[in-house]
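According to our numbering, numbering within the sequence shown proceeds without interruption in unit steps and concludes at 201.
Beta carbons: idealized from backbone N, C-alpha and C, even for Gly.
Please read the structure below before turning to the comments.
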Amino acid sequence: MAALTIARAYQHSFDTHPNSTLAVTGGCLNALGDAVAQVVQNTWGREENEEYHRYDFVRPLMGRWNTFLESRFPIRSLQNKNKVNLKALWKRVACDQLVMAPIGLGLFLGSMGVMEARSPRQIGERFKDLYRTALLANWRVWPVAQLFNFRYTPLPYRVPFSQACGVFWTLYLSILNAEEDKRQDRELAIQKLIDSRTTP
């Protein structure tokens with residue numbers, strides 16, 4: 002009963018204020034993803050040097066992206082709403098994965114580098130070291146999730162569905178990011194040590 006009440010409240014909020022609803026929902030699910038990542042990393046003995054505060058400007062963008070995909074690649078005809086056009090469904094997933102996935106991953110890696118006060122050189126190294134690995138992992142996981150999402154999830158619930166799946170994706174990216182932070186910090190410490198010994 003409570004779930005039905007929450008679903009109705011969400012639907013009403015989405016109908017009246019879609020951008021705000023997506024931003025708040027996405028922010029809450031991002032916070033959950035970050036909390037899970039922090040707990041897992043601390044449980045595994047990893048230490049985080051900083052807390053990351055994300056400003057959620059992406060969720061309204063994702064809502065508009067889903068609306069664009071819905072209109073550009075309609076998977077149900079007006080005559081028969083029950084029949085799904087599989088060709089359009091595959092095109093929608095391909096467009097999402099070939100356009101938005103690379104952009105989103107680039108935004109994540111760049112913003113994490115900026116929020117961690119990394120130098121432009123370190124941010125460039127982060128892209129070189131992580132982008133390809135993370136993008137290939139993305140293409141192994143997200144097409145299946147998005148096929149389900151685009152096929153079965155109504156438009157107002159697509160971003161929250163993606164964000165719920167994104168809790169685990171955030172965990173994966175956070176672990177990759179933490180490993181890269183440690184590597185860059187070790188290199189910086191070694192460089193400082195070398196510089197201190199060579200400077201008279």
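Item, Value
"Between the C-alpha atoms of residue 199 and residue 129, what's the straight-line distance to the nearest angstrom?", "29 Å"
"Check residue 159 in the structure and name its three-state DSSP category.", "helix"
"Between residue 193 and residue 149, what straight-line distance do the alpha-carbon atoms span, to the nearest angstrom?", "50 Å"
"For residue 153, decide whether its Cβ has a neighbour in chain D, counting only Cβ atoms nearer than 8 Å.", "Any reference to chain D falls outside this structure, which holds one protein chain only."
"Between the alpha carbons of residue 142 and residue 180, how many angstroms are there, rounded?", "21 Å"
"Restricting to runs no shorter than 4 residues, where is the alpha helix (DSSP H) found entirely within the segment 80 to 107?", "87 to 96"
"Contact between the segment 157 to 174 and the segment 60 to 73: three or more CB pairs below 8 Å?", "yes"
"Give me the Cα-Cα distance between residue 16 and residue 178, rounded to the nearest whole angstrom.", "36 Å"
"Excluding the 5 residues preceding and the 5 following residue 140 in the sequence, name in chain order all residues of the same chain whose CB lies nearer than 8 Å to its CB.", "98 and 102"
"Compare the Cα-Cα distances from residue 14 to each of 32, 173 and 26 and report the closest residue.", "26"
"Tell me the rounded alpha-carbon separation between residue 90 and residue 144.", "11 Å"
"According to the neighbour-count rule (16 or more other Cβ atoms, all chains shown, within 10 Å of its Cβ), is residue 120 buried or exposed?", "exposed"
"Could you spell out where the alpha helix (DSSP H) holding residue 117 opens and where it closes?", "Taken as a continuous stretch (DSSP letters only), residue 117 belongs to no alpha helix (DSSP H), as it is neither H nor E."
"Look at the alpha carbon of residue 30 and the alpha carbon of residue 68, and state the distance between them as a whole number of angstroms.", "20 Å"
"Leaving aside the five residues before and after residue 185 along the sequence, list all residues of the same chain whose C-beta is less than 6 Å from its C-beta, in chain order.", "123"
"What is the rounded straight-line gap between the Cα of residue 93 and the Cα of residue 189?", "43 Å"
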